[in-house]
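Numbering-wise, this note's numbering puts 806 at position 363 of the sequence shown, and it's gapless, one number per residue.
A virtual CB, placed ideally from N, CA and C, is assigned to each residue, including glycine.
Below you'll find the structure, written out as structure tokens, and then a few comments.
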Amino acid sequence: MILRRKMISLLLVLTLCTGMVISADASEISDTQKKTEELEQKKQSAEEEKQALVNQLNAIVAEMDETKAKIEAKETEVREKEEELVQAKIDENDQYESMKKRIKYMYENGNTQFIEILFESKSIGEFLNNAEYITTISEYDRDMLVEFQNIVQVVAQQEETLKAEYAELETMQNNLIAKQDELNELMASKEEEIKQISDDLGAAREKLEQLKKAAEEAARKQKEQEEQARRAQANAGANVSQGAGASVVTGNGTFTHPCPGARVSSEFGWRDEPIAGAGNTHKGLDLAAPAGTPIYAAAAGTVSIARYSNSAGNWIVLNHGNGLQTYYMHASALYVSEGQTVSKGQNIAAVGSTGQSTGPHLHFQVMVNGTPVNPRNYL
Ligand SMILES: [Zn+2]
Numbered sequence: 444m445i446l447r448r449k450m451i452s453l454l455l456v457l458t459l460c461t462g463m464v465i466s467a468d469a470s471e472i473s474d475t476q477k478k479t480e481e482l483e484q485k486k487q488s489a490e491e492e493k494q495a496l497v498n499q500l501n502a503i504v505a506e507m508d509e510t511k512a513k514i515e516a517k518e519t520e521v522r523e524k525e526e527e528l529v530q531a532k533i534d535e536n537d538q539y540e541s542m543k544k545r546i547k548y549m550y551e552n553g554n555t556q557f558i559e560i561l562f563e564s565k566s567i568g569e570f571l572n573n574a575e576y577i578t579t580i581s582e583y584d585r586d587m588l589v590e591f592q593n594i595v596q597v598v599a600q601q602e603e604t605l606k607a608e609y610a611e612l613e614t615m616q617n618n619l620i621a622k623q624d625e626l627n628e629l630m631a632s633k634e635e636e637i638k639q640i641s642d643d644l645g646a647a648r649e650k651l652e653q654l655k656k657a658a659e660e661a662a663r664k665q666k667e668q669e670e671q672a673r674r675a676q677a678n679a680g681a682n683v684s685q686g687a688g689a690s691v692v693t694g695n696g697t698f699t700h701p702c703p704g705a706r707v708s709s710e711f712g713w714r715d716e717p718i719a720g721a722g723n724t725h726k727g728l729d730l731a732a733p734a735g736t737p738i739y740a741a742a743a744g745t746v747s748i749a750r751y752s753n754s755a756g757n758w759i760v761l762n763h764g765n766g767l768q769t770y771y772m773h774a775s776a777l778y779v780s781e782g783q784t785v786s787k788g789q790n791i792a793a794v795g796s797t798g799q800s801t802g803p804h805l806h807f808q809v810m811v812n813g814t815p816v817n818p819r820n821y822l
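Structure, rendered in structure tokens:
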């Protein structure tokens, strides 16, 4: 009973201990789980941010393509305008040259002053200024020259405008390139961030996996321990009821033999090697048998003693009434408890060598009104 109670409290302690280990693991698991989920969220938002950057970059690239097309168109316009300007200048010059020829022809025979002015002028503008004072120049030539000069100015102005537009487009494109560089840098750092989160996430997931495995293992071990404890408990409980074998009644005497088949190793009343302090008189009959051999109740009665003592080891005293008692000593196991009634031939114990004993045997003793008598008289 005490053993069983001890075992139950041990079991309780074991259960509490493993329970605590598991709950500690459980809190670590839930922490790691939480951390994993946080990292997953962080990774998702980082990837969303990255996607936003990708979208911005794509928009910029599209804008750059558009600007590039505009620049190319503007380049064509500028080139065409340049050609137009060149042509306008050629026209202007042709007009000037033909006018000079006409003037020269008109004034071939006189007015050398005018021809001097004409040929000394370094530019058309200078000539026209000088010619203001010369009324002889034809209205037609003057008008033509001014018109051609105006065309040159307009074309030059248009070319200037186109060049300015071109420069504007170039600036726009440069800004786009700068923005693209900036976005690429942001993208690189975002990718670095995602990589870091992914690494952390991988580590957290791995840790979670390990913790779960460890918890499963701990739970499995706990179950195993509980199973073992339960079995040990069942075995301890079984000792009284299931350890004993079937009843055996032998012989024709008053008593059935308590250990049939055993060899008498020491007779009642004397002994070969008296144990110190035991006296010279042997109070019972020693029946040598292998440890575990069943011991049977010599007659029906009540168990008045079933316990351990230093000298008798595990021993039993049966009270049969009318002043008659039987003793059974040195047992390895007891299958009955004090106060219990037993039938004749009931398996009450097993042979052992507990207490003061030199080898496995049953010391069988018969008492009549408190005095040992020779057991052989009853078998
Ligand atoms: Zn003995």
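- Under the Cβ criterion (8 Å, minimum of three pairs), the segment 655-668 does not count as touching the segment 526-534.
- Between the alpha carbons of residue 589 and residue 523 lies a gap of roughly 23 Å.
- Distances between the C-beta of residue 727 and the heavy atoms of ligand 1 include at least one below 7 Å.
- Residue 756 is positioned such that its CB atom lies no closer than 8 Å to that of residue 727.
- Taking 8 Å as the cut-off, the beta carbon of residue 789 is found no closer than this to the beta carbon of residue 709.
- Per the Cβ contact rule, the segment 632-639 is in contact with the segment 479-497 (3 or more Cβ pairs under 8 Å).
- Shortest Cα-Cα distance from residue 501 to any of 707, 623, 782 involves 623.
- Beta-bridge annotation (DSSP): residue 792 is paired with 738, 777.
- Residue 737 is classed as buried because its beta carbon has at least 16 other beta carbons within 10 Å across all chains shown.
- Under DSSP, residue 759 shares a beta bridge with 749, 771.
- Taking C-beta atoms under 8 Å as the contact rule, residue 783 and residue 746 qualify, at a distance of about 5 Å.
- Annotation for residue 775 indicates a beta carbon at 7 Å or more from all heavy atoms of ligand 1.
- Per the C-alpha coordinates, the member of 769, 599, 542 positioned closest to residue 583 is 542.
- By the Cβ rule, the segment 765-779 counts as touching the segment 804-812, because three or more pairs are nearer than 8 Å.
- A Cβ-Cβ contact shorter than 8 Å links residue 612 with residue 514.
- DSSP, reduced to helix, strand and coil, places residue 701 outside both helices and strands of the structure shown, so it counts as coil.
- Look at residue 801 here: in three-state DSSP terms it is coil, with no helix or strand label.
- Within a 10 Å sphere around the beta-carbon of residue 733 sit fewer than 16 other beta-carbons, which makes this residue exposed.
- Non-local C-beta neighbours of residue 517 in its own chain, meaning closer than 7 Å and more than five positions away in sequence, comprise 605, 608, 609, 612, ordered along the chain.
- In this structure, DSSP gives residue 808 an extended state, which the three-state scheme calls strand.
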